[in-house]
Amino acid sequence: MDALDLARWQFGITTVYHFFFVPITIGLSLLVAIMQTQWMRTRNPQWLRLTKFFGKLFTINFALGLVTGIVQEFQFGMNWSDYSRFVGDIFGAPLAIEALLAFFLESTFLGLWIFGWGRIPEKLHASFMWLVHVGTVLSAYFILAANSFMQNPVGYWINPDTGRAELTDFLAVMTNPVQLVTFPHVVAAAYMTGAAFVLAFALWHLWRRQTPGGDLPMYRKAARLGAWALLIAGVAVVGTGDVQGKIMTEVQPMKMAAAEGLYEDVPEGEGAPFSIITVGTLDGTEEVWAVTVPKLLSYLATGSLEGAVEGIDHIQERYEQTYAGSELTEVEDYRPLIPVTYWSFRLMMGLGFAGMAVGAAVLWRLRGRDGEEDRLTSRWWGWAGALVLFMPLLANSFGWIFTEMGRQPWLVMGLMTTQTGVSPGTTTGEVLTSMVVFTLLYGALAVVEVALILRYGRAGAEEVPEDASYDPQDRSDDDAYVFSY
C-alpha cells in the first residue's frame, strides 16, 4: 500500500474509534439530565442514585472521547495537507467555532456539575447537565456542517489567483440541505445509543439477581427510561433517515445506487426493488439469489413507489464527461467500493431495528407495577442487556462508514478527489509509523475505557440518604473530588 492507502486507513481507524464515544456522550448527557430533573420533581432518592451512577459512566466516556478526538485535527495537517490548503478556509470555520464555543460550553459546565454537588443550588446545578447536553449537540452541529460541505459543497467560490476554495456565505454552509437532514438523523441515532447504554446496565443489574431487593424497582425505572428513549429515538432515526435518503439521491446519486448495487437505470413507472440480502458476485454485478422488497428503493430515493432511479453505469458515464480535464476531479472510476456500501447500509438499518425490537420487548416484559415479581430473570435477558448496547453503537459506525465510503472517490464532492488531497511530502513509512502508534495508543485507551466502565458499572448505584439534599453538611469536602481524580 502507498501513502494514500495508509492515510485513508489511519483516518478511518481513528475516526470510527472516536465515534464510538461521541453518540454515547450526546445521548447519555440527555438521559442523566432527565434523571436529575426527575429526582428534583419527585424527590425519589432512586432517581438521585441513578443520576450519580450514570453520571460517573458519562464522565468516563467523555474523558476518553476527548482524548481520542484530539488526533483528528492533527491528521488534516499531517496526511491531508493539500485538502487543508484547498478548502481549509471553509472547512476550518465551523470546526473553530465548535472548539471555541461548543466544546468549552460542555467541558466547563461538566466540571461545574461534577464538583458542584452540595455546593450549588440544586436547580442551578441540574441546569449544568442540560447545558452540557446543549454543548454536545452544538458540537455535533458544527462538525456535521463541516462534513456536509464535503458531501455537498455550498457557500464558496474558487479564487482563480490562489486556486483555493474561499468562504463566501457562512450561513449557506450552516444551512446546507445535507446538513439540515444529517444533523437530526445523527443526533437521534446518538439518543438511541445513550438509551441503549442505560438499558444495557439496567438489564444487567436486573438479571444478576445479586441486586438487593430494594434496588430492583430502581433498575426497572432505568430500564423503562432506556427502553422508551430507545424506541422514541428509533422512530426519529427512521423518519429523518427517510428524508436524508432523498436528499442524498439529489446530491449524490452514485451513493444511493451503490447502496443497492444498482447498475442499470430503473425508469419511471417501473419501481426499483430493495434487496434485504443478496448472494452473488462481490461487486454486485451478478445476482444468484436475493430477498427483495418490490419498489422500496424507488420510495427511499424519490418518495414515490414508481420513481426513476439512476444506475451506477449511467452515473459513471456522466461523471466521466462532467469532470474530465481537471487534475483535481478526473479519475478512471467514480464508483465506491460496492460491497462496503451495500453491506454497511444494511448493517446500519438492521442493527438499528434490532435495538428497537429489544426496547419494545423490555417494555412488554416490564408492564405492570414495580412491586410485581421481576420479569427479567432469564439468561436471555442477560444476553439482551449485553448486546443491546452494541446494536445502536455499531449501527452508528456502519452509518458513518457508508456515508464516507459511499462518497468515494471524492474528498469534496465534485471539487477534489481523495487521491489529490493527500500530503505530497508524506512518505509511506511516516504514515505507517504514525498509524501503528495511534492504533496501539487507542488500543490501550480501549482497555482503560472498558476496565473503568465495567468496574463502576458492576458496582451499581451507590446508596444515598433517604432525605438526600444539596446540604454541604451531608458529606465531607473531599467526597466530591474522589471519583474525578
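Take any residue in the sequence shown, note its place counting from 1, add 534, and you have its number in this note's numbering.
Cβ coordinates follow ideal geometry from the N, Cα and C atoms, glycine included.
For clarity, every value in this text was computed on a predicted model and none was experimentally measured.
>> Check this for me: beta carbons of residue 560 and residue 769, under 8 angstroms apart or not?
In response: For this step, residue 560 is matched to residue 26 along the sequence shown. For this step, residue 769 is matched to residue 235 along the sequence shown. Going by C-beta atoms, residue 560 is not nearer than 8 angstroms to residue 769.
>> Give me, in chain order, the residues of the same chain whose beta-carbon lies closer than 7 angstroms to that of residue 864; leave out the 5 immediate sequence neighbours on both sides.
In response: Within the sequence shown, numbered from 1, the residue matching residue 864 stands at position 330. Hits under 7 angstroms: 857, 858.
> Among residues of its own chain, excluding the 5 on either side of residue 826, which ones have a beta-carbon nearer than 8 angstroms to its beta-carbon?
Replying inline: Translated into the one-based positions of the sequence shown, residue 826 becomes position 292. Answer for residue 826: 807, 808, 809, 810, listed in chain order.
>> According to DSSP, is residue 957 part of a helix, a strand, or is it coil?
In response: Taking the sequence shown and counting its residues from 1, one reaches residue 957 at position 423. Three-state result, residue 957: coil.
> Is the CB-CB distance between residue 788 and residue 849 below 8 angstroms?
Replying inline: Along the sequence shown, one-based indexing puts residue 788 at 254. Along the sequence shown, one-based indexing puts residue 849 at 315. Their beta carbons are under 8 angstroms apart, which means residue 788 touches residue 849 by this criterion.
>> To the nearest angstrom, how far is the alpha carbon of residue 846 from that of residue 869?
In response: In the sequence shown, the residue the question calls residue 846 occupies position 312. In the sequence shown, the residue the question calls residue 869 occupies position 335. Rounded to whole angstroms, residue 846 to residue 869 spans 7 angstroms at the Cα level.
>> Can you find the residues in the same chain that come closer than 7 angstroms, C-beta to C-beta, to residue 662, ignoring five residues on each side of it along the sequence?
In response: Numbered from 1 along the sequence shown, position 128 holds the residue referred to as residue 662. Correct list, in chain order: 643, 646, 647, 650.
>> Pairs of beta-carbons, one from the stretch 701 to 721 and one from the stretch 682 to 690, closer than 8 angstroms: are there three or more?
In response: yes
> Which class does residue 923 belong to by DSSP, given the choice of helix, strand or coil?
Replying inline: In the sequence shown, counting from the first residue as 1, residue 923 sits at position 389. If DSSP states are grouped into helix, strand and coil, residue 923 belongs with coil.
> For residue 991, which option in 586, 542, 575, 557 has the closest C-alpha, if you only look at C-alpha atoms?
Replying inline: Position 457 of the sequence shown holds residue 991. When only C-alpha atoms are compared, the closest one is 586.
> Hey, residue 670 and residue 606: beta-carbon distance below 8 angstroms or not?
Replying inline: Here the question's residue 670 lines up with position 136 in the sequence shown. Here the question's residue 606 lines up with position 72 in the sequence shown. Their beta carbons are not under 8 angstroms apart, which means residue 670 does not touch residue 606 by this criterion.
>> What does the alpha-carbon distance come out to for the pair residue 575 and residue 755?
In response: Indexing the sequence shown from 1 puts residue 575 at position 41. Indexing the sequence shown from 1 puts residue 755 at position 221. When rounded, the distance between both Cα atoms is 15 angstroms.
> What did DSSP end up calling residue 810 once you bin it into helix, strand or coil?
Replying inline: Sequence index remark: in the sequence shown, residue 810 carries index 276 (1-based). Residue 810 falls in the strand class under three-state DSSP.
> Where do the N-terminal and C-terminal ends of the beta strand (DSSP E) with residue 541 fall, by residue?
Replying inline: Here residue 541 corresponds to residue number 7 of the sequence shown, with the count starting at 1. Element bounds for residue 541: not the beta strand (DSSP E) but the alpha helix (DSSP H), 537 to 576.
> Between residue 987 and the rest of its own chain, which residues show a CB-CB distance below 7 angstroms, the 5 nearest in sequence each way excluded?
Replying inline: If you number the sequence shown from 1, residue 987 lands on position 453. Closer than 7 angstroms at the Cβ level, and outside the excluded window around residue 987, lie 591, 594.
>> Residues in the same chain with beta-carbon distance under 6 angstroms from residue 957, minus the five sequence neighbours each way, listed in chain order, please.
In response: The residue you call residue 957 lines up with position 423 of the sequence shown. Answer for residue 957: 613, 615, listed in chain order.
> Which runs of the alpha helix (DSSP H) fall wholly inside the stretch 838 to 898 and span at least 4 residues, in chain order?
Replying inline: 846 to 856
> Along the chain, which unbroken stretches of the beta strand (DSSP E) at least 3 residues long are found entirely within the stretch 652 to 716?
Replying inline: 690 to 692, 699 to 701
> Quick one: what's got a C-beta closer than 8 angstroms to residue 771's C-beta in the same chain, skipping five residues either side?
Replying inline: As a first step, residue 771 is located in the sequence shown; it is residue number 237 there, counting from the start. Around residue 771: 719, 722, 723, 726, 886.
> Between the beta-carbon of residue 836 and the beta-carbon of residue 875, is there less than 8 angstroms?
Replying inline: Within the sequence shown, residue 836 is the residue found at index 302, counting from 1. Within the sequence shown, residue 875 is the residue found at index 341, counting from 1. Contact flag unset, no.
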